[in-house]
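Heads up, the sequence shown is in this note's numbering, so the first residue is 2 and it goes up one at a time.
The block underneath contains the structure these notes are about, expressed in structure tokens.
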Amino acid sequence: MSVQLLPKPLRKGLFRTFLLLTFFAATKPLHAQNQGAPKETSGFTAKLVNIESAVNEPFRFSASLHNGTATQQVYELKSELPIGWQISYRVDGSQVTSVNLASGQTREIAIEITASGNAAVRKYIIPIKAVSSSLTLPLQLEAVVKGSYGASLSTPSGRLSEELTAGSHKDIELELHNTGTLPLSSLSISSQLPTGWEATFSPSQIERLDGGKKVSIKATLKVPDKTIAGDYSATFTLGGNNTNAQAAFRIFVKTSVLSGWIGILIIALAISVVYVLIRKYGRR
């Protein structure tokens, strides 16, 4: 029977029924999909999993640990490191070895890894796990050792003592050695001296020094007049990006010959005055 032959009210009812059936048929798979969607899951992730650094600088990672279970969990932090390497975990600035998380809670963990001093230049895989009584959450980090920074400041002979006369100056040859494999940049020399002493350096700034290379620096040390004879210390300090070094000198200051003769004359004059006074007033 044709639908057109049905009464108009009945046709409207059938049309509405058809629309409702179509709507439920379209929404039922979506509803079933939402019902079957997995619940919130636990996870151990890092913002950056690959970091490059020098062998004598720490690798710093920022990780997030999330408890997606319905119960509170205590996660113990474990790692597998190359021999001689070290690792530490910090939560809110405090060093920890485990993290207690309530259901649905997430905590940020700062991970710091330090390579051994003789680590080869290459990429290292660092497996880390957060282990609870019911879950093991893995995290794999990559630490890329790119080389080493290092410097020493001394003299070509290794001698760190000098002798000066009060009121004089002396040129001291310093030797700066890049003992690492990576280039050093923006290097400068400063000094720590007794009061009134002065030191100048040539050159005073070094923009770049490649690994294994050396450079000579002339330090001019000035000792003021009337400096009391004796032993003094003078320290020259190297500062720059990624490195620092010091050279501590022992400086012996002696008086000049002229000052010595003047001192002798003053003493002789004082003795003469005393002698005259004794001759003059000693008879009374």
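Here a beta-carbon is modelled for each residue, glycine too, at the ideal position from N, C-alpha and C.
Helix, strand or coil at residue 275 [DSSP, three-state]: For the purposes of this step, residue 275 is taken as the residue at position 274 of the sequence shown. Three-state DSSP puts residue 275 in a helix.
Taking only runs that begin and end inside the stretch 126–188, name each unbroken beta strand (DSSP E) of 3 or more residues, in chain order. The beta strand (DSSP E) runs of length 3 or more contained entirely in the stretch 126–188 are, from start to end of the chain, 137–146, 152–155, 162–166, 170–179.
At what residue ranges does the stretch 43–122 contain a whole run of the beta strand (DSSP E), taking only runs of 3 or more? For the stretch 43–122, whole beta strand (DSSP E) runs of length 3 or above, ordered along the chain, are 44–47, 51–54, 60–67, 74–80, 87–92, 95–97, 99–102, 107–115.
Please identify the residue among 157, 185, 183 whose C-alpha is closest to the C-alpha of residue 173. For this step, residue 173 is matched to residue 172 along the sequence shown. Considering only alpha carbons, the answer is 157.
Which residues in the same chain as residue 117 place their Cβ atom closer than 6 Å to its Cβ, once the five residues preceding and following it in sequence are excluded? Here residue 117 corresponds to residue number 116 of the sequence shown, with the count starting at 1. Cβ neighbours of residue 117 beyond the five flanking positions: 85, 86.
Beta-carbon proximity list for residue 197, same chain, < 6 Å, skipping 5 on both sides: Here the question's residue 197 lines up with position 196 in the sequence shown. Here residue 197 has 225 as same chain residues with Cβ atoms under 6 Å from its own Cβ, once five neighbours each way along the sequence are excluded.
Within 8 Å, strictly: CB atoms of residue 247 and residue 256: Residue numbering aside, residue 247 sits at position 246 when the sequence shown is read from its first letter. Residue numbering aside, residue 256 sits at position 255 when the sequence shown is read from its first letter. It is not a contact, given that the beta carbons lie outside the stated cut-off.
In chain order, what residues of the same chain have a beta carbon less than 6 Å from the beta carbon of residue 64, not counting five sequence neighbours either side? For the purposes of this step, residue 64 is taken as residue 63 along the sequence shown, with counting starting at 1. So the qualifying residues of the chain are 47, 110, 112.
Residues in the same chain with beta-carbon distance under 6 Å from residue 54, minus the five sequence neighbours each way, listed in chain order, please. Residue mapping note: residue 54 aligns to position 53 of the sequence shown, counting from 1. Excluding sequence neighbours, residue 54 sits near 60.
Output the distance between the C-alpha atoms of residue 213 and residue 119, rounded to the nearest integer angstrom. Here residue 213 refers to the residue found at position 212 when the sequence shown is read from its first residue. Here residue 119 refers to the residue found at position 118 when the sequence shown is read from its first residue. Approximately 16 Å between the Cα atoms of the pair.
Residue 41, enclosing beta strand (DSSP E) - first and last residue: Along the sequence shown, read from residue 1 onward, the residue named residue 41 stands at position 40. No beta strand (DSSP E) contains residue 41, which DSSP labels as neither H nor E.
For residue 44, the nearest candidate out of 82, 135, 140 (CA to CA): Numbered from its first residue, the sequence shown carries residue 44 at position 43. When only C-alpha atoms are compared, the closest one is 140.
Write down the C-beta distance between residue 223 and residue 170 rounded to the nearest angstrom, noting that I regard them as a contact closer than 8 Å. Within the sequence shown, residue 223 is the residue found at index 222, counting from 1. Within the sequence shown, residue 170 is the residue found at index 169, counting from 1. That pair is a contact at about 4 Å.
Run the CB neighbour count on residue 179, radius 10 Å, all protein chains shown included, and call it buried at 16 or more, exposed below. For the purposes of this step, residue 179 is identified with residue 178 of the sequence shown, where counting begins at 1. With 16 or more Cβ atoms within 10 Å of its Cβ, residue 179 is classed as buried.
Thinking C-alpha only, which one of 190, 202, 108, 231 is nearest residue 95? Position 94 of the sequence shown, counted from the start, is the residue given in the question as residue 95. When each option's Cα is compared against that of residue 95, the closest is 108.
Is the stretch 127–140 in contact with the stretch 188–195, if contact means three or more CB pairs nearer than 8 Å? No, the stretch 127–140 is not in contact with the stretch 188–195.
How is residue 231 classed by DSSP in three states: helix, strand or coil? Taking the sequence shown and counting its residues from 1, one reaches residue 231 at position 230. In the structure shown, residue 231 sits in a strand (DSSP, three-state: E or B).
Alpha carbon to alpha carbon, how far is residue 69 from residue 106? Give it in angstroms, no decimals. Against the sequence shown, residue 106 aligns to sequence position 105. Against the sequence shown, residue 69 aligns to sequence position 68. Going by the C-alpha atoms only, they are around 8 Å apart.
Report back the beta-carbon spacing between residue 125 and residue 99 to the nearest angstrom; my notes put them in contact at under 8 Å. Position 124 of the sequence shown holds residue 125. Position 98 of the sequence shown holds residue 99. With 8 Å as the limit, residue 125 and residue 99 do not qualify as a contact, their Cβ atoms being about 24 Å apart.
Report the partner residues of residue 1 according to the DSSP bridge assignment. Beyond the ends of the chain as shown, which are 2 and 285, falls residue 1; an answer cannot be given.
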